[in-house]
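In the working numbering, the protein residues as written are 543 to 660. Here's the structure, in structure tokens; my notes come after.
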Amino acid sequence: MIVIACEKRGDLPWLRQLIQSKALSARPAERGERWDILVDQNGNVRCAGQVLTCGLDGRSSLSVSSLLQEGGMAALQREMYTMDGALRRPREIPLAGLPGTLEQRMAGAAVLLFLGKI
């Protein structure tokens, strides 16, 4: 079971919704518990010694590439590795169907990338 922590307590309902909607083998971290994946205060996601920065600019690892499509699109700007060690190359990622605000959908996409689900 993967343990996912959120620095912002207000992100827990969104995280629970993501876990449930994507049927992930994961659960939210309890206070002070060791985590496998962390969504930090800024919406960046940390896992296995890597950080996927999430934002609106092209300098972020995962940036918004289009808001014209339903739910929006994000672009993975550089290579990264999943928790299982699989290489993910730059690509476009649809955000449709992910719960929450745009910031939360971006973080959700980063979590799914680390889990190898997209």
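Where is the CB? At the ideal position from N, CA and C, for every residue including glycine. All values derive from a computational prediction rather than experimental measurement.
- Taken through DSSP and simplified to helix, strand or coil, residue 602 comes out as coil.
- Non-local C-beta neighbours of residue 613 in its own chain, meaning closer than 8 Å and more than five positions away in sequence, comprise 636, 637, 638, 639, 640, 647, ordered along the chain.
- Secondary-structure assignment with DSSP links residue 615 through a beta bridge to 608, 636.
- Straight through space, the alpha carbons of residue 560 and residue 581 are spaced by roughly 13 Å.
- Per the C-alpha coordinates, the member of 628, 597, 576, 590 positioned closest to residue 650 is 597.
- For residue 590, the number of other beta carbons within 10 angstroms of its own is below 16, and it is reported as exposed.
- When secondary structure is reduced to three states using DSSP, residue 559 falls in the helix class.
- Residue 605 is a Cβ neighbour of residue 599, given a cutoff of 8 Å.
- Here residue 646 carries a helix assignment [DSSP, helix/strand/coil].
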